[in-house]
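Just so it is clear: in the sequence shown, position 136 is 136 by the UniProt record's numbering, and no numbers are missing.
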Amino acid sequence: MGTYGYMPPEYALHGHFSIKSDVFSFGVMVMEIISGKKNRNFHDSEHQLNLLSHAWRLWIEDKPLELIDEVLDYPTAPVEVLRCIHVGLLCVQQTPQNRPNMSSVVLMLNGEKVLPEPSPPGFYTGTTTQFPIQAESSSRSCGDRSQNEVTVSLLQPR
Numbered sequence: 001m002g003t004y005g006y007m008p009p010e011y012a013l014h015g016h017f018s019i020k021s022d023v024f025s026f027g028v029m030v031m032e033i034i035s036g037k038k039n040r041n042f043h044d045s046e047h048q049l050n051l052l053s054h055a056w057r058l059w060i061e062d063k064p065l066e067l068i069d070e071v072l073d074y075p076t077a078p079v080e081v082l083r084c085i086h087v088g089l090l091c092v093q094q095t096p097q098n099r100p101n102m103s104s105v106v107l108m109l110n111g112e113k114v115l116p117e118p119s120p121p122g123f124y125t126g127t128t129t130q131f132p133i134q135a136e137s138s139s140r141s142c143g144d145r146s147q148n149e150v151t152v153s154l155l156q157p158r
């Protein structure tokens, strides 16, 4: 646990680790596989989005298949790719309570479970104020940018 770009918000911001932390990391990997892009290096300059926010924007604009890596041929089973994108978005939701557990993820990927609608992903960079995470206000104005501070504690075994 602790690789930048794969850490869930609750761990990166508050140091809280749960059984759903790995689910978040799995969701990030699903998005990376489908898009062919790394989460930590992705930047959509047109919309100021990271990979997860980009995937979410495409989802709410009803264009999720645009997430597919351009190098890949158009999928022969777009329904299966859509299911993977949908499950990936469920895995990267902001709060652990909204993420499925891994046994549910397996059932969802196999088409054996109904998929609920996803909510915005963790570290969503779009314009919304629905997130439970509150940041301390800064004395400086950042304009169109945000200023975030994170403290990461590394635990070492004895």
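From the three backbone atoms N, C-alpha and C, an ideal C-beta is built for every residue, glycine too. If you're wondering where the values come from, they're calculated on a predicted model, not measured in any experiment.
Per-residue DSSP class, three states only, for Q97: helix
Q. Going straight from the alpha carbon of V92 to that of P78, what length do you get?
A. 21 Å
**Q.** Exposure of L89, with buried meaning 16 or more beta-carbon neighbours within 10 Å
**A.** buried
Checklist entry - Apart from the five residues on each side of it in sequence, which residues of its chain come closer than 8 Å, Cβ to Cβ, to L82? => result P64 and L65
(message) Can you look up Q130 in the DSSP assignment and give me helix, strand or coil?
(response) The predicted model places Q130 with a pLDDT of 36, which falls under 50 and marks its position as unreliable; any figure quoted below should be read in that light. It is coil, neither helix nor strand.
Do you know how far the Cα of K37 is from the Cα of L51?
8 Å
**Q.** Rounded separation between K20 and S104 - CA only
**A.** Annotation: K20 to S104 spans about 12 Å, alpha carbon to alpha carbon.
Compare the beta carbon distance of M108 and V87 with 7 Å and say whether it is the shorter of the two. yes
Exercise for review: Could you check the C-alpha separation between P157 and D62 for me, to the nearest Å?
Suggested key: Using only the alpha carbons, I get a separation of about 47 Å.
E32: buried (16+ other C-beta within 10 angstroms of its C-beta) or exposed? buried
Inter-residue spacing [alpha-carbon to alpha-carbon] between I68 and S18: 30 Å
Flag this pair as yes or no: are the beta carbons of R99 and V23 separated by less than 7 Å?
yes
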